[in-house]
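K.L.:
In the order they appear, the protein sequences are chains F and G.
With the numbering used here applied, the first sequence closes on residue 774, and no number is skipped along the way.
With the numbering used here applied, the second sequence closes on residue 948, and no number is skipped along the way.
For glycine and all other residues, C-beta sits at the position ideal for the given N, C-alpha and C.
Note that this is a predicted model, so its numbers are computed, not measured.
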Amino acid sequence: MTDSTTGAGATVRVAELAKHYQSGDVRIPAVAGVSLEFAPGTMTAITGPSGSGKSTLLHLVGAIEAPDAGTITVDDVEITSVKRRHLTAYRRRVGFVFQRYHLLPALTALDNVIAPVVPYRVKFDKAARGRELLAAVGLAGRENALPSQLSGGQQQRVAIARALVGAPSLLLADEPTGNLDSRTGTEILDLLAALRAEHPMTVLVATHEQHVAAACDRLIRLRDGEVVQDVSLAGGEEPEQTLSRLGGSRL
Amino acid sequence: MIWSQLRRRLWRSSALFAAILLATTGFTVLTGTVNTSRLQVTGEVNANFRGAYDILVRPKGARTATEGERELVAPNQLSGTYGGITLDQYRAIQEIQDVEVAAPIATLGTTIVVDWAPVDITDLVDRSKTRQLIRLDPAFLADRGLSRSTRVSHYVYITQRPLIAMESADGGGVRFRDGTVLKDEAHCGLYPIEVAEDGTKRRLCGAGLPHTGGSQITDDKAPEFTVFRLLPDGRFLQAAHTGGGGLHTQDFPAQDRLLVGMLWPTTAGVAAIDPEPEARLLGLDGAVVSGRYLRPGDTSSAKAGQLLVPALTARQPQIDETLSVAASVVDDALTSGLPGTTADILYHRLGSARRAGLGTVRVDAQPLQPDVVNGVRGIATAVLVHNAPPRYERSPDGALRPAASAPQPDQWTNDFRFGRGVWSGFIHDTAFRAATPANAGETRLLIDPVGVFDPQRLAEFSQLSRVPLETYQAPGAAGADAASRELLDDRPLAPSSNPQGYLAPSPQILTTLDALPGIIGPQRARDAISAVRVRVGNVHTLDELTRERIRRIAEEISTTTGLDVDITVGSSLQPQTVELAAGTLGRPELRLTELWTRKGVAVAIMEAIDRKSVLLFGLILVVCVLFLANATTAAVRDRRRELAVLACVGWPRHRLAALVSGEVALVGLAAGLVSAGLALPLSRAVDVPAGTAQALAAVPLALLLAVVSAVVPAIQAARAHPGTALAPLVSPVRRARRSRTGHTVLSAALRNTRRRPGRTLLAAAAVALGVGAFTTLLTLTWVFHGNVTGTLLGDAVSLRVRAVDTVAVAATLLLAVLALADVLYLNVRERSAELATLQAAGWSDGALTRLIAYEGVLIGAAGALLGAGVGLFFVDRFAAAVPATAVAVTAAAALAGVALSGLAAVLPALSVRRLRLSTLLAQE
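1) Can you say whether Gln240/G is buried or exposed, counting buried as having 16 or more other CB atoms within 10 angstroms of its CB?
2) If contacts are defined as beta-carbon pairs under 8 Å, then Ala278/G and Leu255/G qualify, I think. What distance do you get, rounded to the angstrom?
3) Identify the continuous alpha helix (DSSP H) that holds Ile343/G and give its terminal residues.
4) Of all the residues that make up the stretch 637 to 649 of chain F, which are near chain G by a beta-carbon distance shorter than 9 Å?
5) Can you pull the chain F neighbours of Ala16/G, defined as C-beta to C-beta under 8 Å?
6) Going by other Cβ atoms of all chains shown within 10 Å of its Cβ, with 16 needed for buried, is Thr146/G buried or exposed?
7) Let me know if His564/G comes out buried or exposed under the rule of 16 or more other beta-carbons within 10 Å of its beta-carbon.
8) Does the stretch 650 to 664 of chain G come close enough to the stretch 838 to 857 of chain G to have 3 or more Cβ pairs within less than 8 Å?
9) Counting only beta-carbon separations shorter than 8 Å, does Gly692/G have a partner in chain F?
10) Should His731/F be labelled buried (16 or more other beta-carbon atoms within 10 Å of its own) or exposed?
11) Judging by CA-CA distance, which residue of Val751/F, Leu627/F, Val640/F is the nearest neighbour of Ser558/F?
12) Excluding the 5 residues preceding and the 5 following Gly542/G in the sequence, name in chain order all residues of the same chain whose CB lies nearer than 7 Å to its CB.
13) Got a sec: which bits of the stretch 528 to 548 of chain F sit with their beta carbon under 8 Å from any beta carbon on chain G, in order along the chain?
14) Please list, in chain order, the chain F residues whose beta carbon lies closer than 9 Å to that of Leu862/G.
15) Would you call the stretch 108 to 123 of chain G and the stretch 76 to 84 of chain G in contact, with 3 or more CB pairs under 8 Å?
16) Can you tell me which of Val791/G, Ala127/G, Arg386/G, Arg227/G puts its alpha carbon nearest to the alpha carbon of Val649/G?
17) So which residues on chain G does Phe619/F lean against when the C-beta distance must stay under 7 Å?
18) Touching or not, the stretch 908 to 924 of chain G and the stretch 855 to 870 of chain G, by the rule of three or more beta carbon pairs under 8 Å?
19) I'd like to know if His678/G contacts chain F, where contact means its C-beta is closer than 8 Å to some C-beta of that chain.
20) Report yes or no: is there a C-beta of chain G within less than 8 Å of the C-beta of Gly585/F?
21) Beta strand (DSSP E) containing Thr55/G: first to last residue?
22) Which whole-angstrom value is the C-beta distance of Gly618/F and Leu687/F, which I expect to be below 8 Å?
23) Under 8 Å, CB to CB, which of the residues in the stretch 560 to 594 of chain F have a partner in chain G?
24) My output table needs one value for Pro956/G: the three-state DSSP class, helix, strand or coil.
25) Quick one: does Arg685/F have its CB under 8 Å from some CB of chain G?
26) Given a threshold of 16 other Cβ atoms within 10 Å of its Cβ, counted over all protein chains shown, does Trp436/G qualify as buried or as exposed?
27) Could you give the first and the last residue of the continuous alpha helix (DSSP H) run that contains Asp846/G?
28) Would you check if the stretch 812 to 832 of chain G and the stretch 918 to 935 of chain G touch, i.e. whether three or more CB-CB distances between them fall below 8 Å?
29) What residues of chain F sit near Asp869/G, judged by a beta carbon separation below 9 Å?
30) Nearest by alpha-carbon distance to Ser508/G: which of Gly104/G, Ala671/G, His410/G, Leu614/G is it?
31) With DSSP collapsed to three states, give me the class of Gly653/F.
32) Whose C-beta lies closer than 7 Å to the C-beta of Val833/G among residues of the same chain, with five residues either side of it excluded?
33) Verify the CB distance criterion: does Ala772/G have a CB-CB separation below 8 Å to chain F?
34) Taking Leu805/G as the query, report the chain F residues whose CB atoms sit under 7 Å from its CB, ordered along the chain.
35) For Asp581/F and Thr565/F, I'd like the C-alpha separation in whole angstroms.
36) Assuming Val58/G and Val638/G make a contact with CB atoms under 8 Å, what is their CB distance in whole Å?
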């Protein structure tokens, strides 16, 4: 990734990607031969029923897991063939938002936000950047709150702020609103959109909620690890209409 | 259920098992070494007295019965101890820390000193007579004149006629200087020819018996016979003496005075010293009055069939003997027929000859002293005799009575070349000591004096005299009652030249240890040292600490060499009455007062428990309990949900507690059994005494360790609340801590150490105990060289670092490191989800590894600093003066502790790299 592309977000290419899990003697395919390309700056919703491979696809793209076959290329770097220790550099440019937030319980909101950059020398003031991001996610003044003192929505905001602290060119969000009530979920989505406007990046959101998908440029539906639908929501049709045509509020 | 739990957590169970095994086996084996030999001191030093040395080391069993009974040491007792200490033992004593000087002395025995005393009979000569024969009868007086020993008469023939000396003798006959050759007539010695008034030449033949050959020193029955010519100018010329089998003739110069050399056999004590320590201990080098002091390199050398022994000799003879000579003149008729009369005939004639007394010549001379300046080497020592200390009987009035026996000189004067003639007549006096020949005269020894020392000039002589078993002061015994005092003429009784006499003289001839192999052979030279006198360094006052230090050194000498030790500090003199039985040579019974030495302190070697070692061994167990308690607490935390479910289904609290403690107890029991099996062979392997009972004690010990460490976790388990089953696994953090150290990995690690304060404290305490013990050990070993004397709770105590202490400290440190590693490992395991999150957020493996390593080093550093501080504090409290190096050593120990903590963190930190992100995030 170069500085010029950072501005617009990362280009992600996935080719013939496959991953399976072993459950006892049964081999369960999670992702089965998926080939996709995500243009820089786009926001794509990955949908599908539970176990369809949404999370796995995100984990693979986030280099949290290694695929059994296929390649993932981000900005001309094939991360599937990069050595483990070089993956850290890649992960630093990727923001990951987990469904269960995964905040560090011992750290304050601020410390959680800047946790990813703690081991590194960065050009910016870590604490200032943390406060800035917390303010951006609407948590100004809660810098010293512990995760246990925050609501689910607030925790997810902290998680999003944390994902953004390294100014990623790729944001991967795995069911970011899955544990939230719909109003909070909407707020989170609005927040993501606002942040994206401010800081262009490629976003992949795994979700099975319609209103989340509606906020995206593109929708990809998975079933049993295979792509069964890939539609652009950026055409003339309103996303909401397209989505209801495609299958209702629960995707 | 317990069993299935253990199987499920096989690795954890194995770790607990290993810790208990290490601790119990270590403790069981090491406790076999807590019994050490301790030198117990009884008695108080009542005077601030200190002699030239503080500790006397003698061969095992050298203490006499009387000494053991009364803590009294007879004067000059050393003279009766011959060898028993090896050179290696001597060197071992020198090596002991705080030993300032260790001076050995090897008492070699009594040797014969042969001398001719010049007796001036000039005034007895009747210058009007052409020929005269003067008979001299020597009487030797000892015991202040009370004992008298006579010797064979010495005839002096004085003629005014010319004498012709012998030139050579061979099988063909005897040739004289004027060319006369005479048949080698029997019974004529190597005497000259006298030219009579009518010109006839007649041989002088001496007065010996046929079988004696005329030699002066082979038989004490053969009268001696010396020939002088009274020259016309009034001077005297001794007849030329032919020696060496007639090969050469020695001429004497004419002299104004007529001096007759009378044979005077005495004895002298011989001892060997190490010159350098002797000089440092007593200043012997400063007491040299002529010649030089001995050097370490002075060694015996063979020369012309004799062995020259370099020696320093005492200026004054160490025995009290005088010579008195009665003179008489033999009938003129007999004398005029003397030339031409053979020796055997003359011997018989002289026996019945009429004589006229001429008076008594008192000889002021003392037995000969080797003279360095004039190169006198007159002392031939071919014979060494050992004597034993007297045996005493107790009189009803408290006096000691040395056992007397008839003299048996035949048993020990069996030298085949010299016969008894060379021995003083006093060997026929009553015996108070057993004597044994120490050599068979294999080599002819000749004393080669390098210098003369004056015992009176020895540094601090007066103080030295108060130390028991002194070396250089001649013993003396004053009369104890009026009668005895009168008999002794108010002088003390002094030793005679009888090796069996009651008083034994101090050594008069000192040689070097290096010369011993030549004198007594390399085999016997190896353990020839009779005593080592030890002075302790840095003794200024005799306070309690110093006395403890002296005791500790004495103890170390005793334990490392196995020799008898005595503490001489604080000795005092005590008069002891001795009843000396009458002698056969005239001395009546005497009642004497001797100054015996009362030892200030009595010492005894006791079995004692080394409490310091016990303390160190106990530390192993304490650290093990810390380890186990932490591991068990973590296991309970891990299984909170499971325990809560059990509580939900109705398990009573005590069953929950029993479940947890039962698991640990089972591991403890297994480890104890294995430990018991290992203890015996291991003890044998490292040569530690351990019985079966002791080995079996490992089982209850391991159980106890397990149960004690399970107490707190079991209580926690009993408190399991059913609600816990529903609560999240991650424990809530109650209070936010603001990080003031900035947002770095180090600050993150610091924060982590505070998340489980109990666990961190346990690990830090384990490290602190290990490093504290290590600091103390290191300081004692490096700064105090393994020995330190100090005060503990007001008592003077010596600490000596033993090898087992090092092992114990090593085991404690090892357990502390394991405990810390386990804490870190538990942390990693409990926080694996967090660590995975960080990794997913871009933390590199290196950053995660550092996070854990820092955590370990931080905990370790806290523990190490605390431990090192406590260690230094302990050493400082204990030892009166802590040198600056101790602080440096403490710092080094603390650093080592930190380094070990880093080492402990290696595996847990590396285990971070094995985290599998997907598994952790599968909780999604």
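P.N.:
With the given structure in hand:
1) With a pLDDT of 39 at Gln240/G, under the threshold of 50, the modelled position of this residue cannot be trusted, and the question is left open.
2) Right, their Cβ atoms sit about 6 Å apart.
3) Element bounds for Ile343/G: n/a, residue is neither H nor E.
4) Cβ contacts with chain G: Ile637, Ala638, Pro639, Val640, Val641, Pro642, Tyr643, Lys649.
5) Summary: the structure shown does not reach residue 16/G, with chain G confined to residues 25 through 948, and so no result is reported for it.
6) exposed
7) Exposed, since its Cβ has fewer than 16 Cβ neighbours within 10 Å.
8) Counting Cβ pairs under 8 Å, three or more are found: they touch.
9) no
10) buried
11) That would be Val751/F, whose Cα lies nearest to the Cα of Ser558/F.
12) Thr323, Ser324, Leu331
13) none
14) Leu627, Ala638, Pro639, Val641, Pro642
15) Verdict: yes, contact present.
16) Cα-wise, what sits closest to Val649/G is Val791/G.
17) Ala864, Ala865
18) no
19) Taking 8 Å as the CB threshold, His678/G stays off the interface with chain F.
20) yes
21) Not the beta strand (DSSP E): Thr55/G falls in the alpha helix (DSSP H), residues 34 to 55.
22) The Cβ separation is near 6 Å, so the contact holds.
23) Ser578, His582, Gly585, Ile587, Glu588
24) Because chain G here runs from 25 to 948, residue 956/G falls outside it and cannot be looked at.
25) yes
26) buried
27) 827 to 854
28) The stretch 918 to 935 of chain G vs the stretch 812 to 832 of chain G: no contact.
29) Arg607, Arg608, Thr611
30) When each option's Cα is compared against that of Ser508/G, the closest is Leu614/G.
31) helix
32) Leu640, Ala797, Phe798, Leu801
33) yes
34) Reading the sequence as shown, one finds Thr at residue 805/G and not Leu. Here the premise fails: no neighbours, minimum Cβ distance about 42 Å.
35) Note that residue 581/F corresponds to Leu in the displayed sequence, not to Asp. Distance between the alpha carbons of Leu581/F and Thr565/F is about 15 Å.
36) The beta-carbon distance between Val58/G and Val638/G, rounded to whole angstroms, is 5 Å. This is short enough to meet the 8 Å contact definition.
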